[in-house]
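Notes to accompany the following structure.
Number of protein chains: 2
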Amino acid sequence: MTLHPQSSQSPLSKERLRLWLKLLKASNAIEDDLRRKLRADYASTLPRFDVMSALSRAPDGLKMSDISKMLKVSNGNITGIVDKLSDEGLAQRVTKPGDRRAHLVCLTQKGKDVFSSHALAHEEWINDMLADLSADDISETTRRLDTLLAALRGSKDD
Amino acid sequence: MTLHPQSSQSPLSKERLRLWLKLLKASNAIEDDLRRKLRADYASTLPRFDVMSALSRAPDGLKMSDISKMLKVSNGNITGIVDKLSDEGLAQRVTKPGDRRAHLVCLTQKGKDVFSSHALAHEEWINDMLADLSADDISETTRRLDTLLAALRGSKDD
């Protein structure tokens with residue numbers, strides 16, 4: 001991309017930067033809090049929660065590389081998390097029907113039960129963190145974020 | 159914290175969760191794009207950008223532990239980044255006046271110049287990514303994020 005240092009000094013550019021820094025601050029604050037709560041209440045981590053969440057939405061199982069792509073985390077890290085989930089009886093590797101070389105990972109029944117309780121707690125934590133937001137705050141902020149997400153998609157098509 | 163599974167099913171709780179997921183999606187999308195651009199244009203990384211940014215705001219230098227605390231990254235990772243910046247002549251370790259045991263890190267003049275150009279590019283990238291947002295979108299989204307940040311602070315005081 002080409003830099004335009006002169007336009008970079010425009011007031012709107014500064015306002016966009018301020019918006020991004022606030023978005024990052026809010027996102028980091030919530031993520032840090034989730035991280036702390038997962039550790040304290042479930043001795044778990046966000047990447048582990050995300051892997052279980054991805055598996056819970058794929059009843060037929062996922063390839064390791066699919067999980068890695070979905071979560072944008074390296075295959076090596078995913079392997080470590082899946083190994084640990086398997087050791088604890090929460091996930092298992094299964095052979096893909098018709099292709100004995102292809103392995104899929106899925107949650108066990110115990111894994112599904114454990115993730116259900118974590119997901120419920122996760123929703124409750126978010127509900128507590130954002131308890132001071134009114135129904136109007138919630139719907140308007142969501143609407144503004146939709147506009148922002150659409151703008152981001154637009155900027156990729158340029 | 160106490161879980162209230164029954165309240166967790168309320169529509170507002172689902173809306174708060176949806177808001178959080180959109181916030182995370184937007185934040186991740188922008189961060190991923192910044193990461194790509196830093197790598198492509200400057201062979202740099204976000205943690206490295208963040209360390210230089212922290213140092214640029216501290217002309218008298220920072221202790222390694224301060225940088226670590228500010229960025230919520232382990233001391234080990236910060237050491238690696240600062241070592242690399244030093245090797246490239248962008249940062250240096252100095253002795254704290256009056257306390258020869260305490261070492262501070264600060265940017266060299268070359269480091270300040272390099273960071274200035276990265277910071278300018280960073281602002282320009284954000285300006286490009288959010289170019290489709292009108293002045294009203296920007297000010298209203300910022301205002302809503304301020305409300306959200308205040309709600310988060312409130313939930314910590316409970």
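Same order as they appear, the protein sequences are chains A and B. Note that the numbering used here gives residue 114 to position 114 of the first sequence, counting from 1, and the numbers run on in steps of one. Note that the numbering used here gives residue 254 to position 96 of the second sequence, counting from 1, and the numbers run on in steps of one. No residue lacks a Cβ here, since even glycine has one placed at the ideal position from N, Cα and C. None of these values were measured; they are calculated from a predicted model.
Of all the options V94(A), K110(A), L148(A) and K112(A), which has the alpha carbon lying nearest to the alpha carbon of L104(A)? Start at 1 with the first residue of the first sequence, and residue 104(A) comes out as number 104. It is V94(A).
Does L213(B) come within less than 9 Å of chain A when only Cβ atoms are used? One-based indexing of the second sequence puts residue 213(B) at position 55. Not one chain A Cβ lies under 9 Å of L213(B).
Residue nearest to L147(A) in terms of C-alpha spacing, selected from T300(B), V272(B), D208(B) and L307(B): On the first sequence, position 147 is the one that residue 147(A) refers to. Leu is not the amino acid found at residue 147(A); the sequence shown has Thr there. Ranking T300(B), V272(B), D208(B) and L307(B) by Cα distance to T147(A) puts T300(B) first.
Identify whether L85(A) lies in helix, strand or coil by the three-state DSSP scheme. Here residue 85(A) refers to the residue found at position 85 when the first sequence is read from its first residue. Three-state DSSP puts L85(A) in a helix.
Is the beta carbon of S10(A) sitting closer than 9 Å to the one on N285(B)? For this step, residue 10(A) is matched to residue 10 along the first sequence. For this step, residue 285(B) is matched to residue 127 along the second sequence. Cβ atoms of S10(A) and N285(B): closer than 9 Å.
Can you tell me whether E88(A) is buried or exposed, with buried defined as 16 or more other CB within 10 angstroms of its CB? Along the first sequence, one-based indexing puts residue 88(A) at 88. E88(A) should be labelled exposed.
At least three beta-carbon pairs within less than 8 Å, the segment 177 to 194 of chain B to the segment 221 to 241 of chain B: no
Since L90(A) and K110(A) should fall inside the 8 Å C-beta cutoff, what is the C-beta to C-beta distance between them, to a whole number of angstroms? Start at 1 with the first residue of the first sequence, and residue 90(A) comes out as number 90. Start at 1 with the first residue of the first sequence, and residue 110(A) comes out as number 110. Going by Cβ atoms, the distance from L90(A) to K110(A) rounds to 6 Å, so yes, they are a contact pair.
Can a CB atom of chain B be found closer than 9 Å to the CB of T45(A)? Translated into positions along the first sequence, residue 45(A) becomes position 45. Judged by the 9 Å Cβ criterion, T45(A) is not in contact with chain B.
Quick test of your reading: L129(A) and S313(B), contact by CB under 8 Å. State the CB separation rounded to the nearest angstrom. For the purposes of this step, residue 129(A) is taken as residue 129 along the first sequence, with counting starting at 1. For the purposes of this step, residue 313(B) is taken as residue 155 along the second sequence, with counting starting at 1. Looking at the sequence provided, one finds Met at residue 129(A) rather than Leu. With 8 Å as the limit, M129(A) and S313(B) qualify as a contact, their Cβ atoms being about 5 Å apart.
If I follow the unbroken beta strand (DSSP E) through V252(B), where does it start and stop? Here residue 252(B) is taken as the residue at index 94 of the second sequence, counted from 1. That run of the beta strand (DSSP E) goes A249 to K254.
Would you say D113(A) reaches chain B, if we count a Cβ-Cβ gap shorter than 9 Å as a contact? Taking the first residue of the first sequence as 1, we reach residue 113(A) at position 113. It does not: the Cβ of D113(A) has no partner Cβ on chain B nearer than 9 Å.
Within 10 Å of its beta-carbon, does R57(A) have 16 or more other beta-carbons around it, so buried, or fewer, so exposed? Taking the first sequence and counting its residues from 1, one reaches residue 57(A) at position 57. Under this definition R57(A) is an exposed residue.
Would you say S313(B) reaches chain A, if we count a Cβ-Cβ gap shorter than 9 Å as a contact? Numbered from its first residue, the second sequence carries residue 313(B) at position 155. It does: the Cβ of S313(B) has a partner Cβ on chain A nearer than 9 Å.
I need the straight-line Cα distance from K63(A) to A54(A), nearest angstrom please. Looking up residue 63(A) in the first sequence gives position 63. Looking up residue 54(A) in the first sequence gives position 54. Rounded to the nearest angstrom, the two C-alpha atoms are 11 Å apart.
Pull the bridge partners of L107(A) from the DSSP assignment, please. To locate residue 107(A), count along the first sequence from 1; it is residue 107. Paired residue(s): A91(A).
Pairwise C-alpha distance: P97(A) and M210(B): Within the second sequence, the letter at position 52 stands for residue 210(B). Within the first sequence, the letter at position 97 stands for residue 97(A). Approximately 52 Å, taken between the alpha carbons.
Specify, as a first and last residue, the run of the alpha helix (DSSP H) that K172(B) falls within. The residue you call residue 172(B) lines up with position 14 of the second sequence. From DSSP, the alpha helix (DSSP H) with K172(B) extends over P169 to Y200.
For A131(A), which of R311(B), K180(B) and N186(B) has the nearest alpha-carbon? As a first step, residue 131(A) must be located in the first sequence, where it is residue number 131. The shortest C-alpha separation from A131(A) is found at R311(B).
E15(A) touches chain B at which residues, Cβ-Cβ below 8 Å? Start at 1 with the first residue of the first sequence, and residue 15(A) comes out as number 15. Neighbours of E15(A) on chain B, chain order: A293, I296, S297 and T300.
Under 9 Å (Cβ pairs) to chain A, residues found in the segment 230 to 247 of chain B: K230
Beta-carbon of K227(B) versus every beta-carbon of chain A: anything under 9 Å? Here residue 227(B) is taken as the residue at index 69 of the second sequence, counted from 1. Not an interface residue.
Which of helix, strand or coil does DSSP assign to M1(A)? On the first sequence, residue 1(A) is found 1 positions in, with the first residue counted as 1. Confidence at M1(A) is low in this model, with a pLDDT of 43, below 50, so its placement is unreliable and the value that follows should be read with caution. M1(A): coil per DSSP, three-state reduction.
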